[in-house]
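In what follows, a structure is listed as structure tokens, so that the remarks can point back to it.
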Amino acid sequence: MAEQNITPNALPRHIAVIMDGNGRWAMERGEDRVFGHANGVESVRSAVRAAGELGVEFLTLYAFSTENWSRPAAEINALMELLVESLAGEVGELVKKGVRLRSTGAIDALPATCIAALRNVEEKTAHCEGLTLILALSYSGRWELTEAARRIVRAGIPAEEITEDTMRSHLGMPDVPDPELLIRTSGEQRLSNFLLWQLAYSELHFSPVMWPDFREDHFKAAILEFRGRERRFGRTGEQVLKTDHSQPENGVIEEE
Numbered sequence: 018m019a020e021q022n023i024t025p026n027a028l029p030r031h032i033a034v035i036m037d038g039n040g041r042w043a044m045e046r047g048e049d050r051v052f053g054h055a056n057g058v059e060s061v062r063s064a065v066r067a068a069g070e071l072g073v074e075f076l077t078l079y080a081f082s083t084e085n086w087s088r089p090a091a092e093i094n095a096l097m098e099l100l101v102e103s104l105a106g107e108v109g110e111l112v113k114k115g116v117r118l119r120s121t122g123a124i125d126a127l128p129a130t131c132i133a134a135l136r137n138v139e140e141k142t143a144h145c146e147g148l149t150l151i152l153a154l155s156y157s158g159r160w161e162l163t164e165a166a167r168r169i170v171r172a173g174i175p176a177e178e179i180t181e182d183t184m185r186s187h188l189g190m191p192d193v194p195d196p197e198l199l200i201r202t203s204g205e206q207r208l209s210n211f212l213l214w215q216l217a218y219s220e221l222h223f224s225p226v227m228w229p230d231f232r233e234d235h236f237k238a239a240i241l242e243f244r245g246r247e248r249r250f251g252r253t254g255e256q257v258l259k260t261d262h263s264q265p266e267n268g269v270i271e272e273e
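Quick note: to get the working numbering, add 17 to the position in the sequence shown (first position is 1).
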């Protein structure tokens, strides 16, 4: 791939990633699924590095879904151990690079060791002002919307006063902007119950590359494709050209 420079105003503020293909990648190599997850850690580092260097503000990774609890116990236990080890091993590098860690999902469902490791890194990186890395753990979009509805009911908000802003303010992370770009690896083309509210107008990029092989060049290629899309939000193309001054005329992507 030719060297490509992506200027700051060409960036999506928030990128979400469904890290898919770990198990298949491992099985193709005659290994168990956990081998794929372990190798996927380097891909996480690559995505965080690329996002941070480019100036992306938020990166959300779908690390473990509520549906994943139905997997074999041995795989779940290995994933939880890998999470603890990864968090402990990466905290110093996150602080050094100014990356703040946050999490979303039914965190209380995780093992106590995972919760402790997660909260420790969140606390130690709370002061960081660079990239915000969000791990979606024990998460599903339907779970989040159900929880939001419960919060609204508990708050005693009358039905006729409930608006989209009401729903948004009761989601798990109301202060985080919606992702402009969703990346899913391994060639699968579905949302898998991820950020169902927030992805309503996101651009979708489906990469054939399995997650353990996903690197900075693949991440940048997704952003470059994103810049070629026309985001109309229900308007016509003519209306976008007349009113949306945030869309650079030339895509502001420079290639050398």
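For every residue, glycine included, the Cβ atom is placed at its ideal position computed from N, Cα and C.
- Excluding sequence positions up to five before and after Phe223, its CB lies within less than 6 Å of the CB of Arg201, Gln206, all in the same chain and listed in chain order.
- Closest option to Leu199, judged by alpha-carbon separation, among Tyr79, Asn94, Asp49, Arg66: Tyr79.
- Inter-segment contact for the region 209-221 and the region 80-100 is present: three or more beta-carbon pairs are separated by less than 8 Å.
- Boundaries of the alpha helix (DSSP H) harbouring Arg168: 158-171, taken from the DSSP string.
- Each of Phe52, Ile240, Leu152, Ser120 was checked against the Cα of Glu220, and the nearest Cα belongs to Ile240.
- A buried status is given to Asn39, since no fewer than 16 other beta-carbon atoms sit within 10 Å of its beta-carbon.
- Under a 10 Å Cβ-count criterion, Asp37 is classified as buried, with 16 or more other Cβ atoms of the shown protein chains found around its own Cβ.
- Closest option to Glu74, judged by alpha-carbon separation, among Leu99, Pro29, Asn137: Pro29.
- Counting C-beta pairs closer than 8 Å gives fewer than three between the region 170-183 and the region 111-131, which falls short of the contact rule.
- The distance from the Cβ of Leu216 to that of Pro196 is about 6 Å, consistent with a contact at the 8 Å cut-off.
- The alpha-carbon of Gly147 is positioned some 33 Å away from that of Arg41.
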